[in-house]
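Below is one structure, written out as structure tokens; comments come after it.
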Amino acid sequence: MTDRWNQDASNAVVRRATEQAASWYLDQREGLSATEQLAFLAWLKQSPLHVGEYLAIARMHGDLHAAAAMETMDTAELCTLAINEPAVVALHRKNDKPFIPASKRPRSAAPRRNRSKRWLAAAGIAALGLFAGGAMLFAPGPQRGDVYASSTEGRSLDLSDGSLIQLDRDSAIAVNFDARSRRIELLRGGALFDVGKDPGRPLQVRLGASVLRDIGTVFAVRRDNAGGAVTVISGRVDVLSPTHPWLDALSRRLGHPSAPDNVVADLGGGEQALLAVDGAVITSNKRADIDRATAWLPADIQFRNSAVGDVARRFNAYTTSPLVIDDPQIAGMRISGRFHAHDVGAFLAYLASLPGVQVHRGGARVLVTAAALPKRTRHPL
Amino acid sequence: MPLKLDHAHSFLRLFSEQRAPLNSYFLKRTSHAWDAQDLVQETYLRLLAADKHGADDIRNPEAYLYTIAANLMKKHAVMRRSAPVASDGLEEIIERLSTPCDAAAGVDREVRRQRLGELIQRLSPKCRAVLVMHYRDELSYREIGEQLSISANMVKKYIVKALALCRQGMGRYD
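Those protein sequences? They're chains S and R, same order as listed. Per the numbering used here, the first sequence starts with residue 1, numbered consecutively. Per the numbering used here, the second sequence starts with residue 1001, numbered consecutively.
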């Protein structure tokens, strides 16, 4: 106990010295009066720790311009994140319909209600931020849509189109939906998309210079300074090479959702493509290591009073043989439980144990159908 | 944090010889290249000694601090017969502080910058935004404050906090 206290006290002393050193260092850059210089000298003389921290800050300062230049987010994105710290970021542009998370919809399960409240609170804060003078920030730059970010923990999102997105830690996406198209940009980090089906509004995910076109799929994307990676868990994804923004804008004006196709890779379940910064395909792998590509996903899937269909979709992030619930009543059944995410078999065994449910394995997918038993819409748990 | 006995003993001897005030917390810190602790200790002692002769002469303590450090490094370079410090250029002196007498300083710098870049990414959104806007976008405190609807004073506080967190993050690397 005492040791722990000493250690904490010691850390606090060092931290304070470091902050003082940083503060003095910034003051020196702005210039100090003679009296302030004397105070600075007195501070230096107080402890070798002060001298050491001051020299260390001076040292680090030399690298800061170069290190800060590695930041990939632009100023507007940084401001958006900062203004809304620490909660969800949700900015509504004037012309957009208010964004309604999927969890607000009536079929929503109980545990999601809390999240949606938090969500609305955050949206309120974000709106306040805009009225407080933030609006001017976003006028000049390209329109980014709603930005969602995660910090040290990953988070899951339900979008209004029924898409489920799992964000890795320290990741961010911008979501831009309108009547004709659904566009999502991965700003940094990694994300897993389980795309809600909406044939009238194709979904495109921008990953650096590349655009991914999805056709009802679960896939993971990752972005870093070296380029990006796309791993398809199930379904199909087309990777399109970069188009000039003006061409894209022109074709949209003409009523097409996007510029003419230029497919550089066509990925199926279990396949992966590594992309260069300029959007070129570096390698594509027919037998990707799915476990590795999704290692950052939560190891457990927990649900309380959730619809079977929703839970099955969450498992589909982990398996190349997606679960298909072929019966609306089964899909709507409420269940609770906790499973190892990588053990889809355990979940299927559980489903098979439910009254009126049959599981058909084999082939590219697992089919869950109604058995010839009396159906129940609610399983007592 | 494990106490490095050899290092601690040499500091103790140094300090008892000089009868200098001893900060026990400082002894608990482990040593690594970033701190260049021997140099820091000597610099500190010179600063104390010089000040006794006349504090009035030290009009610019920061420049004085660098001069002491630079002189000590020149002395050490001669003693160790390693690459001499060629000039009094501030940048080189500061560079040497982190990797004293190390031929691989160029490689080291790249690694350091990469790590620092990663640390910036892990800062809280406000610290990160403020730091990047100041050092990458070269905006003043006031300009940053206007964008984030906070005072220039708060901006400085966030930068101080961010600098301290980065420095502590760098200190954990060897």
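Quick reminder that beta carbons are idealized off the backbone N, C-alpha and C, glycines included.
Item	Value
Give me the chain S residues within the contact set of R:Lys-1156, using Cβ-Cβ distance strictly less than 7 Å, ordered along the chain.	Leu-26
From which residue to which residue does the alpha helix (DSSP H) around S:Asn-285 run?	Run containing S:Asn-285: none in the alpha helix (DSSP H); it sits in the beta strand (DSSP E), 281-285.
Give me the chain R residues within the contact set of S:Ala-174, using Cβ-Cβ distance strictly less than 9 Å, ordered along the chain.	Neighbours of S:Ala-174 on chain R: none; closest Cβ ~15 Å, over 9 Å.
Chain S partners of R:Val-1111, CB-CB under 7 Å?	Chain S residues near R:Val-1111: none, gap ~10 Å exceeds 7 Å.
Within its chain, find whatever has a CB closer than 7 Å to the CB of R:Val-1155; leave out the 5 residues flanking it on each side and keep chain order.	Val-1130, Tyr-1141, Ile-1144, Gly-1145
Considering only the beta carbon of each residue, do S:Leu-297 and S:Ala-317 sit closer than 8 Å?	yes
Given S:Val-175, which residues of its chain have a CB within under 6 Å of its CB, disregarding the five upstream and five downstream residues?	Gly-145, Asp-146, Ile-184
Should S:Arg-113 be flagged as near chain R, meaning a C-beta pair shorter than 8 Å?	The predicted position of S:Arg-113 is uncertain, since its pLDDT is 39 and thus under 50; no value can be drawn from it.
Do S:Thr-231 and S:Ala-288 come within 8 Å of each other at the CB atom, strictly closer than that value?	yes
Report yes or no: do three or more beta-carbon pairs, one from the segment 63-79 of chain S and one from the segment 42-54 of chain S, lie closer than 8 Å?	no
If you draw a straight line from the C-alpha of R:Glu-1110 to the C-alpha of S:Ser-321, how long is it?	44 Å
Can you give me the start and stop residues for the beta strand (DSSP E) that S:Leu-32 sits inside?	Note, S:Leu-32: premise wrong, no beta strand (DSSP E); not H, not E.
Can you find the residues in the same chain that come closer than 8 Å, C-beta to C-beta, to S:His-342, ignoring five residues on each side of it along the sequence?	Asp-291, Ala-299, Tyr-318
Taking the Cβ atom as the reference point for each residue, do S:Val-277 and S:Gly-332 lie within a distance shorter than 8 Å?	no
When the Cα atoms are used, what is the spatial distance from S:Ala-179 to S:Gly-190?	27 Å
So which of S:Ala-58, S:Gln-46, S:Ala-352 has the shortest CA-CA distance to S:Asp-27?	S:Ala-58
Strictly under 8 Å for the Cβ-Cβ distance: is S:Glu-19 near chain R by that measure?	yes
Establish whether the CB of R:Arg-1081 and some CB of chain S are separated by less than 8 Å.	In this prediction, R:Arg-1081 scores a pLDDT of 49, lower than 50, which makes its location untrustworthy; no coordinate-derived value is stated.
Given that a residue counts as buried once 16 or more other Cβ atoms are within 10 Å of its Cβ, and exposed if not, what is S:Gly-165?	Rather than Gly, the amino acid found at residue 165 of chain S in this sequence is Ile. Label assigned to S:Ile-165: buried.
Beta-carbon separation of S:Leu-41 and R:Ile-1058 under 8 Å?	yes
How far does the alpha helix (DSSP H) with S:Arg-314 in it reach, from first residue to last?	308-315
Report back the beta-carbon spacing between S:Arg-182 and S:Arg-201 to the nearest angstrom; my notes put them in contact at under 8 Å.	5 Å
Relative to chain R, which residues along the segment 43-55 of chain S have a C-beta separation below 8 Å, given in chain order?	Leu-44, Lys-45, Ser-47, Pro-48, Leu-49, Val-51, Gly-52, Glu-53, Tyr-54, Leu-55
Taking 8 Å as the CB-CB cut-off, is R:Glu-1143 touching chain S?	no
Compute the Euclidean distance between the alpha carbons of S:Leu-64 and S:Ala-265, then round it to the nearest angstrom.	39 Å
How close, in whole Å, do the beta carbons of S:Glu-77 and S:Leu-187 come, if the pair is a contact with beta carbons under 8 Å?	6 Å
Mind reading off the beta-carbon distance from S:Asn-305 to S:Ser-336? Whole number of angstroms is fine, and I expect it under 8 Å.	6 Å
So with Cβ pairs under 8 Å, would you call R:Leu-1072 a contact of chain S?	no
S:Arg-15 touches chain R at which residues, Cβ-Cβ below 8 Å?	Ala-1164, Gln-1168
Going by the beta-carbon positions, is the gap between S:Leu-203 and S:Val-195 smaller than 8 Å?	yes
Quick check: S:His-340 and S:Ala-349, are their CB atoms within less than 8 Å of each other?	no
Express the C-alpha separation of S:Pro-48 and S:Ala-229 in angstroms, rounding to a whole number.	48 Å
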